[in-house]
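The structure appears below as structure tokens.
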Amino acid sequence: MPLSDVTALRRQEFARGAKDILPAMPGAAAWGVVTGVAMVKSGLAVHWALAMSLTAYAGSAQLAVLPLLADASPVWLIAITALITNLRFVIYSAALRGWFTDYRRQRRLWLGYLTGDFVMVTFLNRVATEGAFVHRDAYFFGMSVANWVVWNVASIIGIAAAAYIPTHWGLEFAGVLALLALVVPMCRQRPALAGVVVASLVAVLGHGWPLRLGMVVGVIAGIVVATLLDGHLRKRAVATELTS
Amino acid sequence: MSERYTILQMLLIVVGVMASTFITRSTLLVIGERWRFAPRVDAALRYAPVCALAALVVPELVFRQDVLALHWENPRLPAAVAAGLFLLWKHSIVGCIAVGMAVFTLWRLFVI
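Going down the list, the protein sequences come from chains A and F.
Number 208 in our numbering belongs to position 200 of the first sequence; there are no gaps in the numbering.
Number 115 in our numbering belongs to position 110 of the second sequence; there are no gaps in the numbering.
This is the structure:
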């Protein structure tokens, strides 16, 4: 295939990625604005808020470290808290890993760095139906780049307009709703639903645990329950097939 | 707040938070392209994203300032129910966000 055709196809996938991620962008934008506002309102200087937004690209970690910064906590504790808040992305990257092993290492580094909640779910939904389609890296980058731009523009707006956006508007709730919209359709299978219930319960029970470990334990508990139920249902399905 | 830290410490903090992004999101993608997960791990990973999202979202709905708020004065609960129902009905993420924010705001202004 001539090179220009490849480029055209990659552009097409990139554009499709950017388009597919669009429905989730109101949530990402609201969350970005809120993160920007929260950083400035907690007393972080504007240039540091900008630096953190543009490099960290991790709303929940940025929000988690703010109270620690306000308490003048040690630098290592801040880094560890960011790391643990980001732990769900280890799980995401484990789920994505098999789809990207063919690509060059440097590309995989950036594919990983640009992973977001919406991007990961949308990508896994597409490979679940289409398998390892060609130029999936371009598709992934299309989603990620759109998400990155929307998130950072929104963060900068939040940082600049912090004084004019009252916290009682609850703008951050739009981000929660966008994530909720990802969870609900995934609950159609029974094992996933069981996993969601268990993960949520444990995360709620462990909410006061240090370093947000309740969330981590909740995710693991949810995965274990979902996998056990999945295995049980499969066995039962095989058994009914054999007896009928 | 920034004045509680030296410029060097602030730089370390920014780099540390960025490093946490790289470490958690890229490590498993970058290392050892030859090894694969055991089939059992692969099977478990299918349910990992939805569990991670649930553990992130549900505490956001039921806690208000770190206190469990399972009552009608927490506007996020009716808003999430309405948004979830709308999503099941219309399959629209934008609509889900719009309905949720509308119920949240109306509840906050008029019900509580």
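Ideal Cβ positions, reconstructed from N, Cα and C, are used throughout, including at glycine.
Being a predicted model, the structure only gives us computed values, none of them experimental.
- Take Val-45 (chain A), set aside five residues on each side of it, and the residues of its chain with a beta-carbon closer than 6 angstroms to its own are Gly-166, Ala-170, Ile-173, in chain order.
- Annotated three-state conformation of Val-86 (chain F) is helix, per DSSP.
- Under the three-state reduction of DSSP, Leu-52 (chain A) is assigned to coil, being neither helix nor strand.
- Residue burial annotation: Trp-39 (chain A) is buried, with at least 16 other C-beta atoms found within 10 angstroms of its C-beta.
- Counting only Cβ-Cβ distances below 8 angstroms, Phe-109 (chain F) has contacts in chain A at Gly-178, Phe-181, in chain order.
- The alpha carbon of Thr-43 (chain A) has as its nearest neighbour, out of A:Ile-231, A:Ala-229, A:Ala-182, A:Ser-152, the alpha carbon of A:Ala-182.
- At the C-beta level, Val-205 (chain A) and Gly-239 (chain A) stay beyond 9 angstroms of one another.
- By the Cβ neighbour-count rule, Ile-18 (chain F) is buried, with 16 or more other Cβ atoms within 10 Å of its own.
- Taken in chain order, the members of the segment 26-38 of chain A whose beta-carbon sits within less than 7 angstroms of a beta-carbon on chain F are Pro-31, Ala-32, Pro-34, Gly-35.
- Proximity of chain F to Gln-70 (chain A) at the Cβ level (cut-off 9 angstroms) is accounted for by Val-22, in chain order.
- When beta bridges are read from the DSSP output, Arg-19 (chain A) appears opposite no residue.
- For Glu-65 (chain F), the closest Cβ of chain A is nearer than 9 angstroms.
- In the pairwise beta carbon analysis, the segment 154-165 of chain A is classified as not touching the segment 31-38 of chain F: fewer than three pairs are separated by under 8 angstroms.
- Contact annotation: in the segment 73-104 of chain A, residues whose CB is within less than 7 angstroms of a CB in chain F are Val-73, Leu-77, Ala-78, Ala-80, Val-83, Ile-86, Ala-87, Ala-90, Leu-91, Asn-94, Leu-95, Arg-96, Phe-97, Val-98, Ile-99, Tyr-100, Ser-101, Ala-102, Ala-103, Leu-104.
- Neighbours of Gln-14 (chain F) in chain A, taken as residues at a C-beta separation under 8 angstroms, are given in chain order as Val-83.
- Taking each of A:Thr-93, A:Ser-50, A:Leu-104, A:Pro-82 in turn and checking the Cα distance to Tyr-65 (chain A), the smallest one comes out for A:Thr-93.
- For Val-184 (chain A) against Leu-66 (chain F), the beta-carbon gap comes to about 7 angstroms, under 8 angstroms, which counts as contact.
- Note on Pro-31 (chain A): 16 or more other CB atoms within 10 angstroms of its CB, so buried under the neighbour-count rule.
- At a C-beta separation below 9 angstroms, Asp-238 (chain A) has these neighbours in chain F: Ala-48, Ala-49, Arg-51, Tyr-52.
- In terms of Cα proximity to Val-41 (chain A), the closest of A:Arg-196, A:Ser-208, A:Leu-71 is A:Leu-71.
- Thr-89 (chain A) places its beta carbon 9 angstroms or farther from that of Ala-57 (chain A).
- Within the segment 151-227 of chain A, the complete alpha helix (DSSP H) segments of 4 residues or longer fall at 180-194, 198-213, listed in chain order.
- Along the segment 137-160 of chain A, none of the residues has a CB nearer than 8 angstroms to a CB of chain F.
- Only buried fits Ala-37 (chain A), as 16 or more other CB atoms lie within 10 angstroms of its CB.
- Contact between Met-128 (chain A) and Pro-54 (chain F) is confirmed by a C-beta separation of about 6 angstroms, below the 8 angstroms threshold.
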